[in-house]
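Undergrad:
Residue numbers (my numbering): 2 to 354.
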């Protein structure tokens with residue numbers, strides 16, 4: 002994908018987590034391997050942005066036991082940045098994760114900003130946040146974002162009270178999976194115009210759940226990207242997909258998953274890889290680009306196709322950061338895999354809401 006870039010260079014600030022990941026493939030009682038690697042959603046996504054070719058500035062916190070992490074991050078293109086994550090990876094590649102926040106809940110960066118009086122994110126144009134840092138750090142980052150493009154991946158999901166109080170209107174792009182989308186709708190409740198009982202949410206399709214979220218006042222101007230695992234990715238962008246009248250069915254963009262060429266090894270880093278490639282793709286359109294302004298619906302489809310492929314390639318290798326493919330590798334397979342295939346843009350879909 003080579004968009005027509007507006008003038009200006011984009012840089013993404015990532016205020017996020019960094020962890021010493023303890024990986025245990027196989028069952029807990031019969032572990033086949035024990036490894037320690039760099040991880041944390043913030044670090045993973047920052048490295049993914051860098052691997053995809055973007056400029057990234059990472060703000061994270063490590064303890065005295067994590068100095069080696071800082072040195073290794075430099076090798077991955079992340080400079081000037083511990084908690085722990087215990088990850089169990091089964092033979093089928095699926096994973097479960099237990100988090101200990103540790104230094105990730107430190108507010109040292111915020112304290113230093115207050116004492117220095119310097120701009121928090123310098124000349125960054127995009128801000129990427131996840132939910133492995135202290136909630137106050139997330140809120141402070143959003144307050145300082147000003148005219149930056151904001152991207153939020155609320156994983157792991159916050160408690161219900163934090164979800165209800167969160168300033169969702171400050172988010173330009175919301176990246177969620179199916180479970181997170183459903184959880185948000187359950188906690189925030191269906192929007193008033195739609196006659197939906199909370200008990201019926203579990204029976205709703207993902208399209209209907211995403212449309213309900215997009216119809217909620219909290220997400221009136223938010224672009225929603227919902228990853229579907231083996232079913233690809235679903236997008237609802239108000240500029241392209243909001244119905245013109247109350248009788249018109251909503252549009253969605255759906256792209257199927259990438260076809261794997263290697264073995265299905267480990268899903269742990271797939272979501273972070275997708276996020277990093279997505280943010281880098283947004284950055285390529287320029288600091289002022291928005292849907293309908295320097296970003297067309299076709300542009301978005303091409304970007305999501307690339308993100309799907311990068312995430313698919315990441316599951317062919319074990320680990321998180323180590324599994325993130327380079328931009329050159331993704332573009333090479335992209336050219337080979339999709340030569341001549343059409344780009345699917347917005348699709349009208351029957352909605353039960």
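Even for Gly, the Cβ is constructed at its ideal location relative to N, Cα and C.
Just so it is clear, the structure is predicted and the values come from calculations on it, not from any experiment.
What does DSSP give as the partner residues of residue 292 in its beta bridges?
TA: The partner list for residue 292 (beta bridge, DSSP) reads 296.
Undergrad: Under three-state DSSP, which class holds residue 149?
TA: Residue state, collapsed to three classes: coil.
Undergrad: Could you tell me which of 149, 325, 339 sits nearest to residue 287, measuring between CA atoms?
TA: The option with the nearest alpha carbon to residue 287 is 149.
Undergrad: Quick one: give me the first and last residue of the alpha helix (DSSP H) that residue 242 is part of.
TA: From DSSP, the alpha helix (DSSP H) with residue 242 extends over 239–242.
Undergrad: DSSP three-state label for residue 252, please.
TA: Strand.
Undergrad: Note down the Cα distance separating residue 178 from residue 239, rounded to an integer number of angstroms.
TA: Each residue's alpha carbon lies about 19 Å from the other.
Undergrad: Residue range of the beta strand (DSSP E) that residue 57 falls in?
TA: Taken as a continuous stretch (DSSP letters only), the beta strand (DSSP E) holding residue 57 covers 57–60.
Undergrad: Using 10 angstroms around the beta-carbon of residue 51, count the other beta-carbons present and answer buried if the total reaches 16, otherwise exposed.
TA: Buried: at least 16 other Cβ atoms inside 10 Å.
Undergrad: Compare the Cα-Cα distances from residue 130 to each of 203, 251, 143 and report the closest residue.
TA: Among 203, 251, 143, the Cα nearest to that of residue 130 is on 143.
Undergrad: What's the C-alpha gap between residue 306 and residue 254?
TA: Whole-angstrom Cα-Cα distance: 11 Å.
Undergrad: Give every residue of the same chain whose Cβ lies closer than 7 Å to the Cβ of residue 214, excluding the five residues on either side of it in the sequence, and list them in chain order.
TA: Excluding sequence neighbours, residue 214 sits near 182, 185, 186, 220, 225.
Undergrad: Does the pairing of the region 279–286 with the region 258–267 give three or more beta-carbon distances under 8 Å?
TA: The region 279–286 vs the region 258–267: no contact.
Undergrad: Per DSSP, residue 48 is paired with what?
TA: Beta-bridge pairing links residue 48 to no other residue.
Undergrad: How far does the beta strand (DSSP E) with residue 15 in it extend, from its first residue to its last?
TA: Start and end: 13–16.
Undergrad: By Cβ distance below 7 Å, which residues in the same chain neighbour residue 54 in space, the five residues on each side in sequence not counted?
TA: Taken in chain order, the residues that qualify are 281, 328.
Undergrad: Are residue 165 and residue 202 close, meaning C-beta to C-beta below 8 Å?
TA: For residue 165 and residue 202, no; Cβs fall outside 8 Å.
Undergrad: For residue 336, tell me which candidate among 303, 246, 320, 323 has the shortest Cα-Cα distance.
TA: Nearest C-alpha to residue 336: 303.
Undergrad: With burial defined as no fewer than 16 other Cβ atoms inside 10 Å of the residue's Cβ, what is the status of residue 299: buried or exposed?
TA: With fewer than 16 other Cβ atoms within 10 Å, it is exposed.
Undergrad: Taking the C-alpha atoms as reference points, what is the distance between residue 161 and residue 136?
TA: About 13 Å.
Undergrad: Among the candidates 243, 42, 272, 147, whose CA atom is the shortest distance from the CA of residue 230?
TA: The option with the nearest alpha carbon to residue 230 is 272.
Undergrad: Are the beta-carbon atoms belonging to residue 138 and residue 16 less than 8 Å from one another?
TA: Going by C-beta atoms, residue 138 is nearer than 8 Å to residue 16.
Undergrad: Assuming residue 325 and residue 48 form a contact by the criterion Cβ under 8 Å, report the distance between their Cβ atoms to the nearest whole angstrom.
TA: That pair is a contact at about 6 Å.
Undergrad: Report back the beta-carbon spacing between residue 127 and residue 274 to the nearest angstrom; my notes put them in contact at under 8 Å.
TA: No, residue 127 and residue 274 are not in contact; Cβ-Cβ is about 17 Å, not under 8 Å.
Undergrad: Can you list, in chain order, the residues of its chain with a C-beta nearer than 6 Å to that of residue 122? Leave out the 5 residues immediately preceding and following it.
TA: Hits under 6 Å: 14.
Undergrad: Nearest to residue 259 by CA position, among 209, 234, 243, 173, is which residue?
TA: With distances taken between Cα atoms, residue 259 lies closest to 234.
Undergrad: Tell me whether the beta-carbon of residue 212 lies closer than 8 Å to the beta-carbon of residue 237.
TA: In contact: residue 212 and residue 237 (Cβ atoms closer than 8 Å).
Undergrad: State the start and end residues of the unbroken beta strand (DSSP E) segment that holds residue 225.
TA: Where residue 225 is concerned, the enclosing beta strand (DSSP E) stretches over 224–228.
Undergrad: My output table needs one value for residue 200: the three-state DSSP class, helix, strand or coil.
TA: Residue 200: helix per DSSP, three-state reduction.
Undergrad: Within the continuous beta strand (DSSP E) that includes residue 177, where are the two ends?
TA: Its beta strand (DSSP E) spans residues 174–178.
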